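Sequence lines, in order, name chains A and B.
Here the first sequence is numbered in UniProt numbering, starting from 1 and rising by one per residue.
Here the second sequence is numbered in UniProt numbering, starting from 1 and rising by one per residue.
Beta carbons are placed, not taken as given, at the ideal position from N, Cα and C, and that holds for glycine.
All values derive from a computational prediction rather than experimental measurement.
There are 2 protein chains.
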Amino acid sequence: MARTNTLQYMILGLLTRQEMTGYDIKQTFDKEKAEFWSAPFSQIYPELSRLLKKELIELVPDKVENSRKKTYRISSQGLKLFNDWLKIPLTPEITKLNNDDFVLRLHFLGKEDQDILQPLMILRKKTINVELAQLELELVEVVQHPEQYGRELIIKKELANKKADLKILNSAIKRN
Amino acid sequence: MARTNTLQYMILGLLTRQEMTGYDIKQTFDKEKAEFWSAPFSQIYPELSRLLKKELIELVPDKVENSRKKTYRISSQGLKLFNDWLKIPLTPEITKLNNDDFVLRLHFLGKEDQDILQPLMILRKKTINVELAQLELELVEVVQHPEQYGRELIIKKELANKKADLKILNSAIKRN
DNA sequence: ACGAGCATGTAAGAGGTTACATGATTAT
DNA sequence: ATAATCATGTAACCTCTTACATGCTCGT
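If you want it as structure tokens, here you go:
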């Protein structure tokens, strides 16, 4: 699914933490995000070039002479863009189309980012509740059709997943 | 994500049930599958042309004269291809990369397809157990880093989701 | 010396989105 | 009449995957 430049934000997000090479970025994707996201070198390197051209990242001057490594850091413009992205409200309409943006953002937020985390989670709760209501309706309908048993299982799975998500969100919101 | 011709199989799958136009197919995607999948007209119509050229589907002759509608039905080759696709075993390695193939297939299976359903679900259970073990390890590590609180929430969410999936699979497998 | 892992890229092609374009039919 | 919905497509562009290509460095 061609989404809105996910890779760009993933790279910027990693670079907010530390300077990295393309190779490091790939490693981190594979290790930290393997559950839900990754990208091959053939996507990462060209994206780094583009980000450099757009001046959202900068090359860190080599400490060692003749290094073939290219270490990047985020620029102030890049940082601004990334922080703005974190704060775009994920309304139910947006989330429906671009389902894992919530998870993608969450990845870059720590305990210290409560000011972004809290509204994000509260909005997510609302979105989930909208989806739950929809799914409940679909379930009532689908159980009457044994030839749609597979779909029934999917809907049940989705319902159970979203309820579990709500539970986690609630405990995270309460605990503040 | 450029997966292995998902749209092709989605269309073939719908056409195993009844003859449809491109417009009907779009409607069904939006209504039945909105939770997890969709496709725009600009993808559906060219794909229908390709399927027709490959003789996996056929044009149903118009009943009404001058109709601008194009109604399609699945061909015997198309049916064979689709049924083979349903049966490709989804090993943990495959599923890791192409996460929702399981759900996509499930959608087309009814209570009468137990011969395909049961092995599919048993294999899925195995895959989930592999993923659960991995996630448990990651969780132990991540709770020690408050700056990765968001990631901790993601992992908890994933764990809860997969456990819920297991529960549903178990009840569906037992019930047979 | 040699293999594993480090390191960076290009090219071709498939998959997917957004915008554009056109016209018929049906309900109000 | 006119707006909504039915109905089918094209074009430009971006994203993503797979395969290819090259060379360095470090441990054994």
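Taking a contact as a CB-CB distance under 8 Å, the pair residue 159(A) and residue 137(A) does not count as one, their CB atoms being some 11 Å apart.
Beta bridge pairing from DSSP links residue 72(B) with 20(B) and 59(B). Considering only beta carbons, the part of the segment 145-158 of chain A lying closer than 7 Å to chain B consists of 146, 147, 148, 149, 150, 151, 153, 154, 156, 157 and 158, in chain order.
Taking the Cα positions, residue 111(A) is about 32 Å away from residue 134(A). Sixteen is the threshold: when 16 or more other Cβ atoms of the shown chains lie within 10 Å of the Cβ of residue 108(B), as they do, the residue is buried.
A contact is defined here as three or more CB-CB pairs under 8 Å, and the segment 114-131 of chain A fails this definition with respect to the segment 6-26 of chain B.
Within the segment 74-130 of chain A, no run of beta strand (DSSP E) at least 3 residues long lies entirely inside it. Within chain B, no residue has its CB atom less than 8 Å from the CB of residue 129(A), the nearest being about 15 Å off. Taking a contact as a CB-CB distance under 8 Å, the pair residue 82(B) and residue 16(B) counts as one, their CB atoms being some 6 Å apart. Residue 33(B) and residue 26(B) have their C-alpha atoms roughly 10 Å apart.
DSSP, reduced to helix, strand and coil, places residue 5(A) outside both helices and strands of the structure shown, so it counts as coil. Chain B has a Cβ within less than 8 Å of the Cβ of residue 165(A). With at least 16 other beta carbons inside 10 angstroms of its own, residue 165(B) counts as buried. Taking the CA atoms as reference points, residue 153(B) sits about 8 Å from residue 106(A).
Flagged as an interface residue toward chain B: residue 108(A), by a C-beta distance shorter than 8 Å. Taking a 10 Å sphere around the C-beta of residue 151(A), we find 16 or more other C-beta atoms and assign the residue as buried.
Taken through DSSP and simplified to helix, strand or coil, residue 157(B) comes out as helix.
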